[in-house]
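Mapping to the working numbering: the sequence shown position 44 is 1466, numbers consecutive. Built from N, CA and C at the ideal position, the CB exists for glycine as well.
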Amino acid sequence: MSSEVIAPGQAGEIRARFDPKNRHGKYKKNIRVFSNDKKQPISNLYLVMEIAGKK
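Right, here's the structure in full:
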């Protein structure tokens, strides 16, 4: 996590890790992004994944 300032209209990068070890099937995860945006101070990134493997 950095304290980088991202001006309106600019883009940034978010990195996340998920360890699929010993998991299988469908997973839904949520990443919450907090900002100083008065109209939308919290944004949610919804991830849906399916892990193939032995049950």
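Close-in-space but distant-in-sequence residues of the same chain around residue i (CB under 8 Å, 5 per side omitted)
i	result
E1472	G1447, K1448 and Y1449
V1455	I1436, I1464, S1465, N1466 and L1467
I1428	G1434
N1444	none
Element boundaries [beta strand (DSSP E), containing residue i]
i	result
G1447	G1447 to F1456
V1470	I1464 to I1473
Residues near residue i by beta carbon distance below 7 Å, same chain, minus five either side
i	result
F1440	K1451
Proximity below 9 Å, CB of residue i to CB of residue j
i	j	result
A1438	I1453	yes
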